[in-house]
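K.L.:
In the UniProt record's numbering, the protein residues as written are 1 to 304.
1) Of all Cβ atoms in chain D, is any one closer than 9 Å to the Cβ of residue 290?
2) Locate the beta strand (DSSP E) running through residue 30, then write down its first and last residues.
3) Inspect the beta-carbon positions of residue 71 and residue 208 and report whether they are closer than 9 Å.
4) Can you check DSSP and say which residues form a bridge with residue 75?
5) To the nearest angstrom, how far is it from the Cα of residue 163 to the Cα of residue 30?
6) Just the Cα atoms here: how many angstroms apart are residue 197 and residue 169?
7) Which class does residue 212 belong to by DSSP, given the choice of helix, strand or coil?
8) Since residue 378 and residue 150 should fall inside the 8 Å C-beta cutoff, what is the C-beta to C-beta distance between them, to a whole number of angstroms?
9) Under the criterion of a Cβ to heavy atom distance below 8 Å, does residue 191 qualify as lining the ligand PLP?
10) Spatial neighbours of residue 98 within its chain, please: C-beta separation below 7 Å, excluding the five flanking residues on both sides.
11) Taking the CB atoms as reference points, tell me whether residue 85 and residue 47 lie closer together than 9 Å.
And the structure:
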């Protein structure tokens, strides 16, 4: 976007429309600008050593600065951006993104548990209607195996698609290969149950290890994280903070998106173009028919 050019004349720029977990080469003296056109983007810096990263809103106001103790940021507004500068000998900048506004309305998270280990086993307990989410923010291509025993739905989302690549109703198992997977556990009652998620993949070098939970909110800036719930026989407590507001208040079923995503807008544009083409063709055909009969009528009048 041109608005960033005066700020970073030598900046390399990237636009993030979908979730990702990647490493970017940043050379000393060159800034890296990450633009976020969509709202409700959650960003994790997987390794901050050797870099300075600051988030801004669309009015160029500072939202917050990433650090080893504050590595996760909530970018609520559209067109927020992050400027990354190299400050040391490190060249690989690792970061992960999840755009919560792209998720289904009925899959909004009350809490999100985050890990970046490509190999691990995680458990989510249910005992209320609160929707809990698990995010494995790793670029490793992992084999993800899920075993559910709850009353409700367990969905696994691929951030690049934002439609569930797998779903379990009540009890069952599912496995698939994915990087940066996002698992949503949506109970339908207060039944005591659990979902076990196992990942198997190659650990990504050069990133700091972390595990924490957070509650999505409407406040832009650094997210206060809590300890990951310890495994136990019963349900874990949930936060009473309200989840992220979707960009649309319209309710929908599992096939609906949580916002007017670019895919939706493209479909609307295509529909309008097709309708315009059809109307144009009908108009041309009717005009040709009218002209044909008019010529025939004039010819008939001359003969008479």
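Cβ atoms here follow ideal geometry from the backbone N, Cα and C, with glycine treated the same way.
It should be emphasised that the depicted structure is a prediction, and the values quoted were computed from it without experimental measurement.
P.N.:
Straight from the coordinates:
1) Going by chain labels, chain D is absent from the structure shown, which holds only one protein chain.
2) Within the chain shown, residue 30 is the residue found at index 30, counting from 1. No beta strand (DSSP E) holds residue 30; DSSP gives it neither H nor E.
3) Here residue 71 refers to the residue found at position 71 of the chain shown. Here residue 208 refers to the residue found at position 208 of the chain shown. Their beta carbons are under 9 Å apart, which means residue 71 touches residue 208 by this criterion.
4) Residue 75 sits at position 75 when you count from the first residue of the chain shown. 41, per the DSSP bridge assignment.
5) Locating residue 163 in the chain shown gives position 163, counting from the first residue. Locating residue 30 in the chain shown gives position 30, counting from the first residue. When the Cα atoms are used, residue 163 and residue 30 turn out to be separated by approximately 36 Å.
6) Taking the first residue of the chain shown as 1, we reach residue 197 at position 197. Taking the first residue of the chain shown as 1, we reach residue 169 at position 169. Cα to Cα, residue 197 sits roughly 15 Å from residue 169.
7) Taking the chain shown and counting its residues from 1, one reaches residue 212 at position 212. Under the three-state reduction of DSSP, residue 212 is assigned to strand.
8) As displayed, the chain neither begins before 1 nor continues past 304, which places residue 378 out of reach and without an answer.
9) Only the bare structure without any ligand can be found here, which leaves the ligand PLP out of the picture.
10) Taking the chain shown and counting its residues from 1, the one referred to as residue 98 is at position 98. Taken in chain order, the residues that qualify are 19, 42, 135, 159, 182.
11) Working through the chain shown from its first residue, we reach residue 85 at position 85. Working through the chain shown from its first residue, we reach residue 47 at position 47. No, these two residues do not count as a Cβ contact at 9 Å.
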